[in-house]
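With positions in the sequence shown counted from 1, the corresponding number in my numbering is that position plus 46.
Taking it in order: structure first as structure tokens, then the write-up.
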Amino acid sequence: MENKTVSVSQINEYIRSRMDADPVLTSVAVRGEISNYKVYPSGHHYFTLKDEGGALRCVMFKGNAARLRFSPNNGMKVIAMGKISVYPRDGAYQLYCTGLILDGIGDLYAAFEQLKVKLSHEGLFDPAHKKPLPRYPGVIGIVTSSAGAAVHDMLRILRKRYPLTQVRLFPVRVQGVEAPAEIAGAIRYANRFRLADVLFVGRGGGSIEDLWAFNDERVAYAIYQSEIPIISAVGHEPDVTISDFVADLRAATPSNAAELGVPDQDALRQMLDGFSGAMAASLSRLLKANRQHLKMIAASPALHSPTGYLEQRRKSVELLKNRLVSVQIQGVERKKRRYVEMTAKLDAMSPLKVLTRGYAMAQKEDGQVIRSIGQVNTGDKVSITVSDGRIMAAITDKKGNGQ
């Protein structure tokens, strides 16, 4: 039998058609470890799945890759879904991947953990960025579905605990592809026009898929950037979302958010009653003290006998005046005695007293007192002061004590 000759393209197309017709190869789930993972500018993802015995080339086109809830990395153990076919140009078969999940854990959980690590490194969970809640909010904003049970639970508790507050509802979808953008938009809208003093953001419980809008990074950034304090009120007690970590306060449930966001009117009444009692007691003490002071003033002699009071004050002033005069006289006498004593001492030390005893004082023409023969020369004129006047003289000779 003569073999039919075909081209490379024909044989590749033939093999592809046979593989595309195989029901096993058109829908497979392949377990393996990712290696050589690359994302090209076109948006297509290329990688290899391998295990101990072999390797399989894989491609995930842009549309399918956009639906990934986590970021694949080399070394991850995954299950890849899709079909196996031939790429005719290269003649190589490969897995055309339509979806990826982590082997052993769900892809939603993996995406949650990856985003949690990323936002934590960016500081979105830092307690330093948490804003304090207003103690007595005038307006509360609720970002949730208007059709859910959560909003009715919150309204019921708010009316019961603190009916003074005003409530503004920002209705959004809380589930589905459009939900994250609507939730983030409502938060930014409330901030732009400052429509509330505090925001409750959340919904009732559900599966991780139901709550996934609150694990979206768009919602996380909107909460982080909000100038209005936010209470995250998502799901039930065990449910934890990214919004819980970013918000200023996490409530276990929507109902718990209403309890945490406003004070209890019964507790406020008790506190006001306590303040009222304390004020009444303080006023009573003040009135009692003022009555005692009034009685003391009423008993004053000045009120009973004004002339007698004035006479008493006059005598006190006279007594004080006499004391001041006496002290002044005594002071003047002390000054006089001190003056006499100092005068006597100065007189005793006066040079004139020495002159009366027969001594004289010689001075040069410039007034300098002569204490030594070295101060004068023959012919110098000197003045000699005695007790009753001066004698003018001239130096004719000078001799020392030893001459």
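Don't be surprised by glycine CBs; every beta carbon is placed ideally from N, CA and C.
If you draw a straight line from the alpha carbon of residue i to that of residue j, how long is it in whole angstroms?
i: A439; j: G425; result: 10 Å
i: M407; j: L365; result: 59 Å
i: P309; j: R207; result: 7 Å
i: K162; j: L146; result: 20 Å
i: K444; j: Q421; result: 11 Å
i: T402; j: V386; result: 22 Å
i: D243; j: K177; result: 12 Å
i: P183; j: L241; result: 12 Å
i: A232; j: R115; result: 24 Å
i: R337; j: A344; result: 10 Å
i: L329; j: R315; result: 21 Å
i: Y83; j: K123; result: 13 Å
i: L370; j: V363; result: 10 Å
i: M127; j: F260; result: 27 Å
i: M47; j: A138; result: Residue confidence for M47 is low, a pLDDT of 44 falling below 50, so the modelled location carries little weight and cannot support an answer.
i: L23; j: Q271; result: Any property of residue 23 remains undetermined from this structure, which presents the chain solely from 47 to 449.
i: T94; j: Q56; result: 27 Å
i: D434; j: V378; result: 37 Å
i: L332; j: G320; result: 18 Å
i: Y355; j: P347; result: 6 Å
i: S301; j: Q311; result: 16 Å
i: G222; j: W258; result: 8 Å
i: H339; j: M388; result: 59 Å
i: V70; j: F239; result: 58 Å
i: I277; j: T299; result: 10 Å
i: L245; j: H175; result: 16 Å
i: S73; j: I130; result: 8 Å
i: A297; j: V85; result: 40 Å
i: T211; j: A327; result: 32 Å
Between the Cα of residue i and the Cα atoms of the options, which residue gives the shortest distance?
i: E263; options: L241, S289, R240; result: S289
i: R219; options: A298, T211, P209, A230; result: A230
i: S88; options: S73, N110, I80, R417; result: N110
i: A266; options: L318, G145, A225; result: A225
i: P19; options: I125, P217, L306, Q311; result: This structure cannot speak to residue 19, because the chain is shown only from 47 to 449.
i: E228; options: R436, F216, G187; result: F216
i: P118; options: Q140, I130, L154; result: L154
i: I188; options: V292, I274, W258, Q140; result: I274
i: F28; options: N120, Q140, R77, I269; result: Here the chain has residues from 47 to 449 only, and residue 28 is not among them.
i: A303; options: I203, T72, G222, S418; result: I203
i: F158; options: K96, I125, F291; result: F291
i: P209; options: I375, V185, V223, I437; result: V185
i: A75; options: Q376, L148, F107; result: L148
i: Y450; options: A390, N423, I430, V132; result: The first residue shown for the chain is 47 and the last is 449, placing residue 450 beyond what the model contains.
i: K108; options: E98, E411, H90; result: H90
i: G169; options: N368, K334, P352, A293; result: A293
i: G121; options: N58, E79, Q414, I61; result: E79
I need the DSSP call for residue i, collapsed to helix, strand or coil.
i: H91; result: strand
i: I203; result: helix
i: F216; result: strand
i: N110; result: helix
i: G187; result: strand
i: V52; result: coil
i: N237; result: helix
i: I254; result: coil
i: V422; result: coil
i: S346; result: coil
i: G509; result: As displayed, the chain neither begins before 47 nor continues past 449, which places residue 509 out of reach and without an answer.
i: M395; result: coil
i: Y182; result: coil
i: N82; result: strand
i: K23; result: Because the chain is modelled from 47 through 449, residue 23 falls outside the range shown and cannot be assessed.
i: M47; result: Residue confidence is low: M47 scores 44 on pLDDT, short of 50, so the model does not pin down where it sits. Its coordinate-derived value is still stated next. M47: coil per DSSP, three-state reduction.
i: L161; result: helix
i: V70; result: helix
i: P284; result: coil
i: S272; result: coil
i: G377; result: helix
i: P300; result: helix
In terms of DSSP beta bridges, what is residue i paired with?
i: Q140; result: S131
i: E98; result: According to DSSP, E98 bridges with nothing at all.
i: F246; result: I188, I277
i: V105; result: Y92, Y142
i: I430; result: A408, I437
i: I125; result: R77, I147
i: L295; result: I277
i: V415; result: Q409
Would you call the region 270-289 and the region 240-252 in contact, with 3 or more CB pairs under 8 Å? yes
Does the region 239-250 come close enough to the region 194-204 to have 3 or more Cβ pairs within less than 8 Å? yes
Hey, is the region 64-71 in contact with the region 99-107, meaning 3+ C-beta pairs nearer than 8 Å? no
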